[in-house]
Amino acid sequence: MIEKNMTLAWRNLWRNRRRTLITAASVFFAVLFAVVMRSLQLGSYGTMFRNAIESYSGYIQIQQEDYWENKTVDNTFPYEPGLREQLTSDKNVLETIPRFESFALASSGPTTRGVMVMGIHPEKEQHLSKVSEKLVKYRLTPDAVQAIRAEPQIPDKVKELLDLYESHSYTGTKRLQLDLKIDDDDAEDLMPVILQHARFDNGHIQLGEPGAWVGEKLSRYLGLEIGDSIVLIGQGYHASTAAGKYAIRGIVKMPLPDIDNRIVYLPLDVCQDLYNAGDNLTAISLHVDDNGDKAVSATVSRLEKVLAGQLRVLDWKEMNEVLVSQLDADNKSGMIMIGILYLVIAFGVFGTVLMMTAERRREFGVLVAIGMQKRKLASIVTSEIFMMGLLGILGGCMAALPIILYGMEHPIVFKGEFARIWEDYGFEPVMSFQGIDTYFLWQVVIVAVMVVIALGHPLSKIFRLKVVNALRA
Amino acid sequence: MKILEIKNVHKIYNSSEVQVHAVNGVNLDFEKGEFSAIVGPSGSGKTTLLNMIGGLDSPTEGEIRVDQTNLAGLKSSRLIDFRMRHIGFVFQSYNLIPVLTAKENVEFIMNLQKWNKRERDKRTYELLEAVGLKDRAHSRPSKLSGGQQQRIAVARALASKPKFVLADEPTANLDTKSSENLLNIMEELNREEGITFIFSTHDQRVMKKARRVITLEDGRVISDEWKKKNGSS
């Protein structure tokens, strides 16, 4: 009988084929748009968080109790031998990454800027920020551009773009290829020539050897090249003077432009010497096994017990409060947009249901007259409307899926002026897609709620149906 | 054997300005196997009376008993169930379910009653044969003529072997030939299977075929005539 009812519902659905298709299409496009938009929005948030976390804060940090509120070198703590063991004994902590971070004035020639000085353990930092991978590997210096233009195989359209991207730096070949609009087919011939002229050699920094890596934007501002010197002046531990001169060993291009504009990396011990801080640290970042929200909070709780108030444990949300609230606000505005979209679609669905109910009032009367119980009739009408919603939602999800899967492999990378605008706002000019997640399920829930609300009308008509009146309709 | 008793039935409609006494103190009994017509001018109360007999509407006063069951005593869902099992309906404008084939329309009530497939198929094809439309079993109503649709409606009404069939102006939308054909089929089913038919009609052909003609005027029975076997009153 259920099968018969479903057959009846399915056939009823196609009685007015055009209307059903239009209604299902409206749900389809709403779901498609909502899913792709959510994927893009959540994916981009993910990228921004990842950039902020992995290039700077890490997922969890251990700090001296007052450091977060008052970031001075006086609020540091000694890196005692037992502490590392204490921290790594937690099941989610793989490695401790010690850091010493402070501020200084940086000068090169006549130019000065306030910078963030970060003392790092170069090898351990590979677990988290992977700073060495952010070293500039290619740069389109004026000389390099001239040399590339002189190569006979370089096509004119690439030569034009070379002018546009002169002085740009790259940490890998992909972005360079994208900027110069070189197809994968041509890349095999052209890229080796371009890379040969654009190669940019950096040196490494290591513990015990004075030397610095500076952000790419900062290096431009201060006019620094490899081998130049940077002078840092600041306030050291217990009001001592911190001053030092360091050779530039490398230039790093940080994904967050704000950090790129003011970062100076020094080897940890060199940095501690600069600030006269002995073995003290400002923070220990933790390399965690599972960086999911739940696992991170659980780890924080466990560590808080272990450290018993001696040191403070912060998670990435606390450390990136501004970014979290900015993205939360953006997320809410996105949700409001989707809400408005669904509201419009809901009225469309309701209109269809209203018409369908009015058109079939007489038929409802006949069915009840000849012996169909109202609840059975209601279940058939419910199935019809759910099928219509389901058609739209399944179609929408199916259509969105390949777009999202493609987008995950090929994030949208902005170029030219637009990219620069994003960078000026402090964001990496990349829009990523988020994989299949609960947001897919939410679309099902929203459409289901929409359908349930729309169902109220026909169900109320059916249960209050007066057969005699319906037969006269 | 009485299968239907109508005792002092009144139906009063109260509109904002006037009170309409659509059925006014009707008393009637129907025996099994009757082939009866309720006739009268428009507004005489035929359809209202038929609706009350079928349990589609309730009397303001009085009692309608089908096989000793007082319809007024049944709750809404029990009444629907009662209609499904005991009363067949044929409507003026056929009212077949447009998305079902002729066969599916006929077996619709048997499905509601959860008959098994073998019995359902047997009964459906018997009825389709009886109304002469076995070859159109898989056609949708939109592919059938008005006369054919009304014959399917008769087959549907008979599907669950009801105690009687109520037919409200069954020939009103049919041409002469289709009307004649339909009446012959119903007469044959009445004669051979003993099915009770009660019509409301204006149609002289139906009146001629009916063995009992009840005339209503202003909601009252003004005559109740039985015909002799040769057709005269």
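Each protein sequence line maps, in turn, to chains A and B. If you're matching positions, the first sequence starts at 1 in this note's numbering and goes up one per residue. If you're matching positions, the second sequence starts at 474 in this note's numbering and goes up one per residue. Glycine included, C-beta positions come from ideal geometry on N, C-alpha and C.
Do residue j and residue i come within 8 Å of each other at the CB atom, strictly closer than that value?
{"i": "Leu8/A", "j": "Ile380/A", "result": "yes"}
{"i": "Ser229/A", "j": "Lys245/A", "result": "yes"}
{"i": "Gly475/A", "j": "Arg678/B", "result": "Since the first and last residues shown for chain A are 1 and 473, residue 475/A lies out of range."}
{"i": "Ile537/B", "j": "Ile476/B", "result": "no"}
{"i": "Ile671/B", "j": "Leu647/B", "result": "no"}
{"i": "Ile263/A", "j": "Ala212/A", "result": "no"}
{"i": "Glu54/A", "j": "Leu128/A", "result": "yes"}
{"i": "Ala630/B", "j": "Val563/B", "result": "yes"}
{"i": "Val27/A", "j": "Val349/A", "result": "yes"}
{"i": "Thr47/A", "j": "Ser285/A", "result": "no"}
{"i": "Leu617/B", "j": "Ala645/B", "result": "no"}
When you compare only the Cα positions, how much space is there between residue i and residue j?
{"i": "Met356/A", "j": "Asp608/B", "result": "32 Å"}
{"i": "Tyr567/B", "j": "Lys332/A", "result": "55 Å"}
{"i": "Ser651/B", "j": "Thr542/B", "result": "36 Å"}
{"i": "Val686/B", "j": "Lys461/A", "result": "38 Å"}
{"i": "Phe29/A", "j": "Gly396/A", "result": "6 Å"}
{"i": "Ser615/B", "j": "Leu573/B", "result": "10 Å"}
{"i": "Val324/A", "j": "Ile182/A", "result": "37 Å"}
{"i": "Ile22/A", "j": "Glu363/A", "result": "23 Å"}
{"i": "His457/A", "j": "Val353/A", "result": "8 Å"}
{"i": "Met680/B", "j": "Glu661/B", "result": "16 Å"}
{"i": "Val193/A", "j": "Pro152/A", "result": "10 Å"}
{"i": "Leu471/A", "j": "Ala346/A", "result": "30 Å"}
{"i": "Ser706/B", "j": "Arg684/B", "result": "Residue confidence is low: Ser706/B scores 49 on pLDDT, short of 50, so the model does not pin down where it sits. Its coordinate-derived value is still stated next. If you take the alpha carbons of Ser706/B and Arg684/B, they lie about 9 Å apart."}
{"i": "Gln492/B", "j": "Lys484/B", "result": "10 Å"}
{"i": "Gln61/A", "j": "Asn291/A", "result": "13 Å"}
{"i": "Asn276/A", "j": "Leu42/A", "result": "43 Å"}
{"i": "Thr533/B", "j": "Val496/B", "result": "9 Å"}
{"i": "Asn589/B", "j": "Lys595/B", "result": "10 Å"}
{"i": "Asn320/A", "j": "Glu95/A", "result": "22 Å"}
{"i": "His675/B", "j": "Ile695/B", "result": "16 Å"}
With distances taken Cα to Cα, identify the nearest neighbour of residue i among the options.
{"i": "Leu343/A", "options": "Glu95/A, Arg220/A, Ala144/A, Ile453/A", "result": "Ile453/A"}
{"i": "Gly203/A", "options": "Asn280/A, Leu190/A, Pro122/A, Asp179/A", "result": "Pro122/A"}
{"i": "Asp260/A", "options": "Tyr56/A, Leu471/A, Gly109/A, Val27/A", "result": "Tyr56/A"}
{"i": "Ala106/A", "options": "Val145/A, Glu209/A, Leu232/A", "result": "Leu232/A"}
{"i": "Arg558/B", "options": "Glu577/B, Ala575/B, Gly528/B, Ile658/B", "result": "Gly528/B"}
{"i": "Lys376/A", "options": "Asn657/B, Glu665/B, Asp554/B", "result": "Asp554/B"}
{"i": "Lys4/A", "options": "Arg551/B, Ala610/B, Ser488/B, Phe581/B", "result": "Phe581/B"}
{"i": "Glu665/B", "options": "Lys484/B, Asn487/B, Phe508/B", "result": "Phe508/B"}
{"i": "Gln206/A", "options": "Pro257/A, Gly119/A, Val158/A", "result": "Gly119/A"}
{"i": "Val451/A", "options": "Ala378/A, Leu459/A, Tyr45/A, Gly389/A", "result": "Gly389/A"}
{"i": "Glu209/A", "options": "Leu135/A, Cys271/A, Trp442/A", "result": "Cys271/A"}
{"i": "Val214/A", "options": "Leu178/A, Arg113/A, Gln196/A, Pro411/A", "result": "Arg113/A"}
{"i": "Ile560/B", "options": "Ala628/B, Phe637/B, Val627/B", "result": "Phe637/B"}
{"i": "Glu125/A", "options": "Pro267/A, Thr76/A, Ala150/A, Gln235/A", "result": "Pro267/A"}
{"i": "Gln565/B", "options": "Ala610/B, Glu642/B, Asn663/B", "result": "Glu642/B"}
So, does the CB of residue i fall closer than 8 Å to a CB anywhere in chain A?
{"i": "Arg551/B", "result": "no"}
{"i": "Ser706/B", "result": "The predicted model places Ser706/B with a pLDDT of 49, which falls under 50 and marks its position as unreliable; any figure quoted below should be read in that light. No, because no Cβ of chain A sits closer than 8 Å to the Cβ of Ser706/B."}
{"i": "Asn524/B", "result": "yes"}
{"i": "Phe564/B", "result": "yes"}
{"i": "Arg556/B", "result": "yes"}
{"i": "Val572/B", "result": "yes"}
{"i": "Ser489/B", "result": "no"}
{"i": "Asp530/B", "result": "yes"}
{"i": "Leu585/B", "result": "yes"}
Within the 8 Å Cβ cut-off, does residue i reach chain B?
{"i": "Lys332/A", "result": "no"}
{"i": "Val368/A", "result": "yes"}
{"i": "Gln8/A", "result": "Note that residue 8/A is Leu in the sequence shown here, rather than Gln. With 8 Å as the cut-off, Leu8/A counts as an interface residue toward chain B."}
{"i": "Gly371/A", "result": "yes"}
{"i": "Val413/A", "result": "no"}
{"i": "Asn481/A", "result": "One cannot answer for residue 481/A here, as it falls past the ends of chain A, which runs 1 to 473."}
{"i": "Val344/A", "result": "no"}
{"i": "Lys4/A", "result": "yes"}
{"i": "Arg18/A", "result": "no"}
{"i": "Arg464/A", "result": "no"}
Is there at least one non-hydrogen atom of the ligand HEM closer than 7 Å to the beta-carbon of residue i?
{"i": "Leu477/B", "result": "The model depicted lacks the ligand HEM and carries no ligand whatsoever."}
Check: Which runs of the alpha helix (DSSP H), 4 residues or longer, sit entirely within the segment 280–339 of chain A?
Finding: List check, alpha helix (DSSP H) in window: 293–307, 316–319.
Margin query: Please give me, in chain order, every unbroken run of the alpha helix (DSSP H) with length at least 4 that falls completely inside the segment 64–107 of chain A.
Written below: 81–88
Next item on the list: Could you tell me which uninterrupted alpha helix (DSSP H) segments, each at least 4 residues in length, are contained entirely in the segment 416–455 of chain A, listed from first to last along the chain?
Entry: 416–424
Checklist line | Segments of 3+ residues assigned as beta strand (DSSP E) that fall wholly inside the segment 625–653 of chain B | finding: Listed in chain order, the complete beta strand (DSSP E) runs (minimum 3 residues) inside the segment 625–653 of chain B are 637–641.
Checklist line | Every unbroken alpha helix (DSSP H) inside the segment 496–556 of chain B [4 residues or more] | finding: 519–526
Notebook entry, point to check: Can you list the beta strand (DSSP E) stretches of 3 or more residues lying completely in the segment 230–258 of chain A, in chain order?
Noted result: 241–252
Check: Enumerated in chain order, which unbroken segments of the alpha helix (DSSP H) with a length of 4 residues or greater are wholly contained in the segment 98–184 of chain A?
Finding: 142–150, 156–164, 173–179
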